[in-house]
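Quick note on full-length UniProt numbering: the sequence shown kicks off at 1 and runs consecutively.
Ideal placement from N, C-alpha and C gives every residue a C-beta, glycine not left out.
A short write-up of the structure that comes next.
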Amino acid sequence: MSHESFPISPERFAFAIKDLPISSLHLKAAELRNSIAHLDYSNEQLKPFAEGTTSVLGSTEGVPDQDCIDAIKENEMVIARMQERIELLRAEVENRGGSWTEFLSAEEAAGNEAASTENAAEGTNGDTHSRYHEEHQAWRDGTFQTGTISNGEVMLNGNSQANGTGGRVSDEELRRQIEARIRDLAGDEGDEGMHL
1 MSHESFPISP ERFAFAIKDL PISSLHLKAA ELRNSIAHLD YSNEQLKPFA EGTTSVLGST
61 EGVPDQDCID AIKENEMVIA RMQERIELLR AEVENRGGSW TEFLSAEEAA GNEAASTENA
121 AEGTNGDTHS RYHEEHQAWR DGTFQTGTIS NGEVMLNGNS QANGTGGRVS DEELRRQIEA
181 RIRDLAGDEG DEGMHL
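Take a look at the structure:
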């Protein structure tokens, strides 16, 4: 790690994401997962040199390279910090009443699906029938998402089943959406009247 810069603290990260829209939280989670994947790959590449099974240029075979050992340790610390940030993102999404299931990586979703399939196979709580009526995996793992682009801002729709509303919005939410749409339309048209 550079001696001139220090990573942002978890408290500051949590504070920084408070005002971000859900779509930005989603992108940040994907960015962190991508960085973790790159660091894991890097560690796998460094591992033979750190173990001494492969020699570094100019050194004898069978001697562990301390630089590679240090790099792996540093990468592992960074990965742990990134995973902590993903947990902070999860807490923020859930505090807003959102569902984390749409934020899950493919591996996490597969792990959750395997666990739920195992429970269903055992017949816990009589839920064996429900696994045949679940939505397709692509909707749960984020492959398919719906949303709108309004005034250059991407707004992803949440998982309607995850919030328990079955695709319905509350009266208050519907009122807010209609008022926002009316304001947008009024701003676009000015005083030119109604266009049919």
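Quick check on this structure: which residue in the options has the alpha carbon closest to the alpha carbon of residue i?
i: residue 37; options: 84, 15, 79 and 52; result: 79
i: residue 84; options: 13, 186 and 180; result: 13
i: residue 184; options: 101, 21, 150 and 170; result: 150
i: residue 69; options: 24, 81, 42 and 104; result: 42
i: residue 73; options: 44, 92, 170 and 86; result: 44
i: residue 50; options: 93, 64, 24 and 186; result: 64
i: residue 66; options: 100, 111 and 46; result: 46
i: residue 100; options: 29, 179 and 10; result: 29
i: residue 104; options: 11, 7 and 25; result: 25
i: residue 75; options: 8, 39, 180 and 172; result: 39
Name the DSSP bridge partner or partners of residue i?
i: residue 147; result: 156
Count the other CB atoms within 10 Å of the CB of residue i; is the residue buried (16 or more) or exposed (fewer)?
i: residue 177; result: exposed
i: residue 18; result: exposed
i: residue 98; result: buried
i: residue 15; result: exposed
i: residue 31; result: exposed
i: residue 92; result: buried
i: residue 33; result: buried
i: residue 179; result: exposed
Contact defined as beta carbons within less than 8 Å: I believe residue i pairs with residue j. What is the distance between those atoms, to the nearest angstrom?
i: residue 23; j: residue 156; result: 5 Å
i: residue 77; j: residue 35; result: Contact flag wrong, Cβ pair sits at about 13 Å.
i: residue 88; j: residue 10; result: 6 Å
Beta strand (DSSP E) segments (min. 3 residues) lying fully within the segment 22-67: none
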